[in-house]
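The sequence shown begins at -3 in the working numbering and counts up one residue at a time. Each residue gets a CB set at the ideal place from its N, CA and C atoms; glycine is no exception. Note that the coordinates shown come from a computational prediction; the quantities given were computed from them, not determined experimentally. Below: the structure, in C-alpha cells.
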Amino acid sequence: MWYLCVFYHRLLDYRKPEVESLADLFSKGLTDLQCNGSLEWKLPKHHHPDSPFHFVNLPSEEIARSVANRSILVKGIFELWGEGSNFEELEESIKSYPDEKQLPYLTSDSTFKITVETFGKVISFEEQTERIRSLSYIPFKGRVNLKNPYHTFWLIETDDYDSNNGLPPIAGKRIFFGREIGTADRKLLPTYQLKSRTYLGPTAMDAEMAFLMANQAQAKSGKLVYDPFVGTGSILVAAAHYGAVTMGADIDIRVVRDGRGPDCNVWSNFKQYGLPMPIGLLRADNNLPPWRSGLKEKLVNCLLTVYNVFRVDGLEFKSSFNFIRVICPDIAVLFMEISQIHRSLQITRAAKEVLYSESAKVFDAIICDPPYGVRAGGRKSGGRKLLKGVIGPYTVPDDKRTGHIPSTAPYSLVECVHDLLDLAAKMLVMGGRLVYFYPVLREDESIDTTFPEHPCFKLVAISEQLLSYRYSRVLLTMVKIGPYTEEIALASKIKHLEFKENHLKWLEEGNLHSAVFSPADNHLNGSGDTKITKDSKARYRGKYV
C-alpha cells in the first residue's frame, strides 16, 4: 500500500536507506521484501528529488507504523486521503477517497485532532485555524481531543518557491491531507546527546548518526552487535538502546580498561542511560583478531551450561552467547569450573541445536567507524622494530604485565578495511550486516564511487555525509550473502590487491590529513584573492544539511 512519507530535511542520503532497512527488519517472516532489497518510491508532482515528501509502498500499516516510530529521519508516515494544487482540488480528492477507508476513523465514539504543517513557509495560528475550518466537508462525528486523540490527521502544505531560499525547489504548490500512521520520537536525541555523556573521546560518534547506524544494522533485542573500534562506546550505546546485546574491542587498553577512572569509562556510559552492559570489552587488534577459527567438541557441554547460568529473559541464545565458541581456549577453564558446579541444570533442545550447528556464526551485525587519520590514525600491534624484523617476537615478563601498554605501529586504512571485511565474512551470521564509515575526497562536487568489495557481501546502501567541500565520509551497509571458505579468502585477497593498486595514494598512506588540510589553491578566484564572496540570497545547498 502506498503511504506519504515525510522526512526531516537533513542527512538526505540517509533517509531512504534507513526506511528500507527498517522495513526489511519488521517485515522478515511476513513478506518477501527482504528478497527484493529495496522499496518502491515516488515523488509528488513538481517536487525535487531532495524534497522531504515521498510516496513509499509498504507491505502493511503495521510495518509502516513500526518504521515511523523507530526511524530517526522520518517525521511521519501517513495514509493519504487527498492532495491537490489548491484547496478546491484537495476537497475533490478527499471526497473521491473510498468511504470504506474513511468512515472507520470518523465514528462518533472516537476522538481526533487535526495538525497543520507547512514546509518552506510559516503561517499564523489564525491561518491554521482557517485551514482546519475549511475541512468541514469531512464528516467528523467524534469529539476533538488535542492531548490524546484516537486518530490524528495532518494537513501539510508546501509553497511554490525557487532555489534561492536554501530549500529544494518546488515548481508548484502542493497540499496533502492524511491520517497519521506513525511519527518518529526524536526526544531520544537530546537524551543521548554527547554534551551530557559521562565519558567522551575525540572521535565519539554523534548520537543521531549512531542511531542511524544501529537502524542500518537492524539492531534489536536478541541480536549480538560488535564494534571492533569501540572507543568510548557511542555506537554500542545506540545498539543497546534498541535491545541488542553488545560487545566491543579497541587496541588501546587504556580506553576499554581504565577510561578516566572508575566512574568515567565505557561502562559508565551504559550505566548513565540504564542500558544493559556490554557482555565484553576486549583489548584486541583488528589486524590480529583474537577469534578462534572453529569450535572444539570439548567446549560444547560447558558452553551449554554457561547459557543456562547467564541467560537473560527475552534474549536468543544463538545471538547472545554463541560468541563464546570462538574465544581463546584459556577461557574454557572457567567454563569447565562452572559446569562442574551446575551439572543439574536443564539444557534446552534448541540450545543444543545451535551449539552443534556448523553453520552457526557469532555476530548478527558489526557496526564501526574505522580510524582514517583526520582525528585519529589507525594503529596495529607490533611496533616498528618488530614489524621490520629488527627484533623477534617476545613475551612480556609476568612482573611487568601490570600496567603494560603494548607497542603499536601505523595501520593504513586500506589494510584496516580489508581486515574488517575479512573479519565480518568469518564472524557474521548469514544475512548479517556490516555497517561502517569510509572516507572519500570530493572533486567537482562528486565522489569516487569505487568502494571496497568482498565476495561474501552485497552492498545495499551508500549514504554520504559531507564534512567539508574537500572530503566526506560514506556510510556503507553490506549484507552477508555467502559462506566464508578458503576459496573466498583467496578471491578476497585478490580484490584487496586490485583495490590497493588502483585507488588513491592517500588511502594507502592511511590518513586524509594532508589532503584535508593542504592549501586550497584551486578554490581561489581568478585574481588570486582568497576572500570568499557570498550571494545576497541563500541557494539550495543539496546535501549540506
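CB contact flag (residue i, residue j, <8 Å)
i, j, result
"LYS71", "PHE3", "yes"
"PRO272", "GLY244", "no"
"TYR467", "VAL436", "yes"
"HIS450", "SER408", "no"
"CYS412", "GLY374", "yes"
"GLY138", "PHE108", "yes"
"PHE74", "GLU204", "no"
"PRO224", "CYS364", "yes"
"VAL262", "VAL252", "yes"
"MET209", "LEU471", "yes"
"LEU190", "ASP181", "no"
"SER81", "GLY178", "no"
"GLY229", "ASN265", "yes"
"HIS147", "SER106", "yes"
"PRO13", "ALA457", "yes"
"GLY255", "TYR188", "no"
"LEU86", "ILE171", "yes"
"ALA420", "ILE362", "yes"
"PRO164", "HIS42", "no"
Per DSSP, cross-strand counterpart(s) of residue i
i, result
"TYR(-1)", "VAL52"
"VAL140", "PHE108"
"ARG279", "ASP246"
"PRO406", "ARG375"
"ARG429", "ALA361, VAL475"
"LYS454", "VAL475"
"SER459", "LEU471"
"PHE115", "THR154"
"VAL436", "SER468"
"LEU35", "None, per the DSSP bridge assignment."
"VAL241", "LEU220"
"LEU284", "ASP281"
"LEU424", "PHE359"
Separation of residue j from residue i, as counted between CA atoms
i, j, result
"ASN53", "GLY379", "54 Å"
"THR446", "ASP259", "44 Å"
"LEU462", "ARG438", "9 Å"
"GLU88", "SER217", "46 Å"
"ASP155", "VAL112", "14 Å"
"ALA64", "PRO367", "32 Å"
"LEU124", "VAL118", "Checking the sequence shown, residue 124 turns out to be Gln, not Leu. Whole-angstrom Cα-Cα distance: 10 Å."
"THR404", "LYS376", "5 Å"
"HIS400", "VAL226", "20 Å"
"ASN141", "PRO479", "55 Å"
"ALA235", "TYR222", "10 Å"
"PHE51", "PRO40", "7 Å"
"SER56", "PRO402", "54 Å"
"VAL233", "HIS5", "25 Å"
"PHE359", "TRP287", "12 Å"
"LEU102", "LEU76", "15 Å"
"LEU151", "LEU277", "49 Å"
"ILE128", "VAL410", "58 Å"
Neighbour-count burial assignment, residue i, 16 or more Cβ in a 10 Å radius
i, result
"THR473", "buried"
"PRO67", "Note on residue identity: the sequence assigns Ser, not Pro, to residue 67. SER67 comes out buried."
"TYR10", "buried"
"ASP394", "exposed"
"ASP214", "Residue identity differs from the one stated: residue 214 is Gln in this sequence, not Asp. Buried: at least 16 other Cβ atoms inside 10 Å."
"GLN336", "Its pLDDT being 43, under 50, GLN336 is placed unreliably in this model, and the value from its coordinates should be taken loosely. With fewer than 16 Cβ atoms within 10 Å of its Cβ, GLN336 is classed as exposed."
"LEU8", "buried"
"ILE231", "buried"
"ASP418", "buried"
"MET(-3)", "exposed"
"SER459", "buried"
"TYR133", "exposed"
"HIS619", "Residue numbering for the chain in the displayed model covers -3 to 541; residue 619 lies beyond these limits and cannot be assessed."
"LEU69", "buried"
"SER92", "exposed"
"GLN212", "buried"
"GLU84", "exposed"
"ILE59", "buried"
"GLU16", "buried"
"LEU220", "buried"
"LYS476", "buried"
"ILE490", "exposed"
"CYS1", "buried"
"ARG469", "buried"
"ASP95", "exposed"
"TYR465", "exposed"
"VAL565", "The requested residue 565 does not occur in the structure, where the chain is confined to residues -3 to 541."
Taking only runs of the alpha helix (DSSP H) that begin and end inside the segment 39 to 93, which ones reach a length of at least 4 residues, in chain order?
Runs found: 57 to 66, 83 to 91.
For the segment 141 to 225, list the alpha helix (DSSP H) runs that are entirely contained and at least 4 residues long, ordered along the chain.
Taking only runs of at least 4 residues, the alpha helix (DSSP H) segments lying wholly in the segment 141 to 225 are 184 to 187, 203 to 212.
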